[in-house]
Structure formats: C-alpha cells, structure tokens
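Right, one structure below, let's go through it.
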Amino acid sequence: MASYTKAAQQWATFARAWYLLDAKMQPPGKIAAATVMRLEGKHKPIYHALNDCGDHVVIINTRHIAFSGNKWEQKVYSSHTGYPGGFKQVTATQLHLKDPTAIVKLTVYRMLPKNLQRRTMMQRLHLFPEDVIPEDIEKNLLQEIPQPRAVPKRLDEYTPEEIAAFPKIWTPPKDFRRSQPFYTEFDR
Amino acid sequence: MAAPSLLRGGLRRLFTGLFGNGWASPPARTLREVVEVTKGNTTTIEGRIIEDAETPTPPNPSGQCPICRWNLKHKYDYVDVLLLSQFIRSDGGMLPRRITGLCLEEHKKIAVCVQMAHRAGLLPDHRPPLPEGHIPKKPKLNRYLTRWSIKSAKPIWRRGPKWCKKPFPVGHPLLKDNVKYTHKLLCFNH
C-alpha cells in the first residue's frame, strides 16, 4: 500500500475481479452462498447497493455437484409456461441430466436480492459443466474461492501406510471363519 | 425340476438347521496358511495357523464393546472409512454383532454410517459380485449424508407453505450425540 500510486490503488479498489470456484462434490446451496457474496460485492469494504461493485464468478464442474440427503430424488423444480395445463414439475435428477448447469443457476438466481440488479449480476455469473473453460475467461481469472465443504477421502485414496497405522479395533474369535455371503451363483 | 431348485433357494438354510442340533454350527477350525516345502525327494505340505499381529492395548480396557474400549463413543461419522471398513464384509454387508462384540446401539450407529458411506461412494471396493459382467446403467450422481435408500425416496411434489414446509431429511438422528467441534447446531432436516 505504501508503494502504490494513488491512481493505481484506486484502480485496484474499484476494478471488477474474476473469481474461480470448483463445484466438484460441493452442495449447490453453499456454492451459491459464496458466489452471491462475490456477485453483490459484499466482500468489499466499499460496498453500496448502488455502487455496482460486483465481481465475476466462474463456476466449473457443475455436473459434479453433490446434494446432501435424498434431495436428488426428493427436490422438485416447478415452473409454469403461462399456458393452461403448462405446470411442469421435474425432480433434481431429471433437471440435472437435462442441463447440468441449471441447478446451480437456479440456486444462485433465487439467492440474489430480488431487485433489478439481479439480472446484471446473473450476467456476471459463468457456469461450466466440466473444467473446460474458454481461453479468454481463463486469462481473466484472479483468485480461486476456497471450497465450502471438505471432501472426504475414499477408502482407496488412503495409502497402505495410513491403513496399517490405524489400529484394529476388534479381533475375530479363533473359530471365526469368514463365511460366504448368503447367496451364491446357484441361488438365483 | 422344481424340487431341487426349491431346496437350493432360501429353504436350504432352514433345512440345514433342522437336521442338526437347532442352529448350532459345526465346530470350525482356524484358518491355516498352506506352506509347501521340498527337501530332496520329500515334499512337505503343511497348514500353519496364522498368528494375528500384535494389536496395541486400547486406552480403556474395561469397556464392553470395542468402541467403548477405544473411547470412540460419540466420535465417528460416515467419513471415518478406516474405522467402518473393519466392521464390513468384502461385499459391503455388516458383520454380525455376536462376532464383532459391539453393543446394540453402536452396532446400529455403525450400520447407519456404513450405509451413508456406501451411498456417498466412499467404499468403492466393497461391492457385491455382479453376475456375468452385468453393467449397471444408473446415472452416477454425487451425494452424502443420505438417510433413505435411493430407490425408496419419492419426490416431494408439494412442499407446503413457509410455516409448514415438508423438510428434506439429512444425516441420521442416531448420530445426534456426536461430539461437535463447532458451535453450529446439527440439523437433520433441511
């Protein structure tokens, strides 16, 4: 701060930044909460609703979002075309298969403040189903937003040393034979 | 023929129990490792008893079940795959309680955590053997903390007004006493 010129500091304060967020194995609600903060500009001390200080957010891997609970089967996205008999209800699974970015887009749209600036903020949101980004957007990226959820390690991702270091909680009795599962090939 | 196929099915277990002394299983010998040694013109094939490696002493040896002995009572979750994998078979099913020595509530909690870990895809190698290389065509969607099975959950078409919305169940209430390291309340209904 001491070594920048006043002009450069003012430019850095009011410039519009580009943030990257990886949505792999993340719940869309928490992703949307982080992006909405950046899109409104509430992460800046110079925030004001009329200031137009929102930033761009690029979300990648929207195809690999993870819902908690049974929301893939239970959550329903409804819409009406305006015509009679045009009430459409679609489960989250069906919507995701049809359009992998739709769930995150709807979540962010519904979390933004319901005013006229919502549409401009949605224009500053860029969603990509995989981690393939166009080159001109990739050149603009400044910083990566940390992932909201800590992704757990699968059993095959642990090294054999870690597995060996974990103590055995119980020992099987001497006469325990690892039996076959109840059904075999002949029991069809 | 109808008769042999009937016996081969689930009725086999009933009949084997009836022929013996109730449900007593025949005396089983320990697993042995087959070792073949060739000295000159004599080949010795020996079955050696596998000695288990030395397990460290648990911090609380006076506990009744393994979880109490290791002071893990309210401290594990669906994420702790290294612990959960000790209580499952190679095809993903739970081991019986009389073998593992767990108390009833801990056995149920571990069963619930194992189910959630399977649905989250954290135990990819503990799958039941599929016959004839049958390829499942289901869309692989990522999920975690799933309480109900995927096939049994139905869509909630009408959630209701704000003051009485039908919630989405997340996690399992058996794990409500788990130790929390943040001050956030554990929410079981989203």
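Residue numbers (my numbering), protein chains in the order written: chain F, 1 to 188; chain U, 189 to 378.
From the three backbone atoms N, C-alpha and C, an ideal C-beta is built for every residue, glycine too.
What you are looking at is a predicted structure, and each value in this text was computed from that prediction instead of being measured.
Check: Sub-8 Å separation of D279/U and L155/F beta-carbons; Outcome: no
Check: Within-8 Å CB hit, V358/U to chain F; Outcome: yes
Check: 7 Å CB neighbourhood of R277/U in its chain, flanking five on each side removed; Outcome: L283
Check: Three-state class that DSSP yields for G210/U in the structure shown; Outcome: Bear in mind that a pLDDT of 49 at G210/U, under 50, signals an unreliable position, so the model cannot answer this.
Check: Within chain F, the residues that K342/U reaches when beta carbons sit closer than 8 Å; Outcome: E73 and Q74
Check: Short-range partners of chain U found in the segment 142-172 of chain F, where Cβ spacing is below 8 Å; Outcome: P152, K153, R154, L155, D156, Y158, E162, I163, F166, P167, K168, I169, W170, T171 and P172
Check: Simplified DSSP state of G41/F, which is helix, strand or coil; Outcome: coil
Check: DSSP three-state assignment for L125/F, whether helix, strand or coil; Outcome: strand
Check: Terminal residues of the beta strand (DSSP E) in which Q89/F lies; Outcome: F87 to T91
Check: Cβ pair count under 8 Å reaching 3, the segment 84-94 of chain F against the segment 347-354 of chain U; Outcome: no
Check: 8 Å Cβ cutoff, L333/U in contact with chain F; Outcome: yes
Check: For V108/F and T35/F, believed in contact at Cβ under 8 Å, the rounded distance; Outcome: 6 Å
Check: Local Cβ density within 10 Å of Y264/U, reported as buried at 16 or more and exposed below that; Outcome: buried
Check: Spatial neighbours of R38/F in its chain, beta-carbon cut-off 6 Å, leaving aside the 5 residues before and after; Outcome: Y19, D55 and V57
Check: C-beta contact flag for N61/F and K30/F at 8 Å; Outcome: no
Check: Whole-angstrom distance between S337/U and T288/U, CA atom to CA atom; Outcome: 25 Å
Check: Cα-Cα separation between F128/F and L95/F, rounded to whole angstroms; Outcome: 16 Å
Check: C-beta neighbour in chain U for Q123/F, strict 8 Å; Outcome: no
Check: Residue closest to A196/F, alpha-carbon to alpha-carbon, out of I237/U, P244/U and G235/U; Outcome: For residue 196/F there is no data in the structure shown, the boundaries of chain F being 1 and 188.
Check: Euclidean distance between Cα positions of R315/U and Y266/U; Outcome: 17 Å
Check: Those residues which DSSP pairs with D22/F across a bridge; Outcome: I60/F
Check: Test: N70/F CB closer than 8 Å to a CB of chain U; Outcome: yes
Check: Reduced DSSP category for Y266/U - H, G, I as helix; E, B as strand; rest coil; Outcome: coil
Check: From L21/F, A12/F, W72/F and R110/F, residue whose alpha carbon lies closest to that of P146/F; Outcome: L21/F
Check: CB-CB length for L311/U against V358/U, believed under 8 Å; Outcome: Incorrect: roughly 20 Å between the Cβ atoms, too far for contact.
Check: Local conformation of K168/F per DSSP, three classes; Outcome: coil
Check: Interfacial residues, the segment 38-71 of chain F to chain U, with Cβ spacing under 8 Å; Outcome: H64, I65, A66, F67, S68, G69, N70 and K71
Check: Interface positions of the segment 79-94 of chain F facing chain U (Cβ-Cβ less than 7 Å), listed along the chain; Outcome: Q89, T91 and T93
Check: Beta carbon proximity, F128/F to chain U, threshold 8 Å; Outcome: no
Check: Closer than 8 Å to chain F by CB, Q274/U; Outcome: yes
Check: Limits of the unbroken alpha helix (DSSP H) element including A15/F; Outcome: No alpha helix (DSSP H) holds A15/F; DSSP gives it neither H nor E.
Check: Residue span of the beta strand (DSSP E) that contains T230/U, given as start and end; Outcome: T230 to I237
Check: Residue closest to W72/F, alpha-carbon to alpha-carbon, out of T93/F, H48/F and E40/F; Outcome: T93/F
Check: Integer Cβ distance of N70/F from A341/U, believed to fall under 8 Å; Outcome: 4 Å
Check: Chain F within 8 Å of T370/U, Cβ atoms only; Outcome: no
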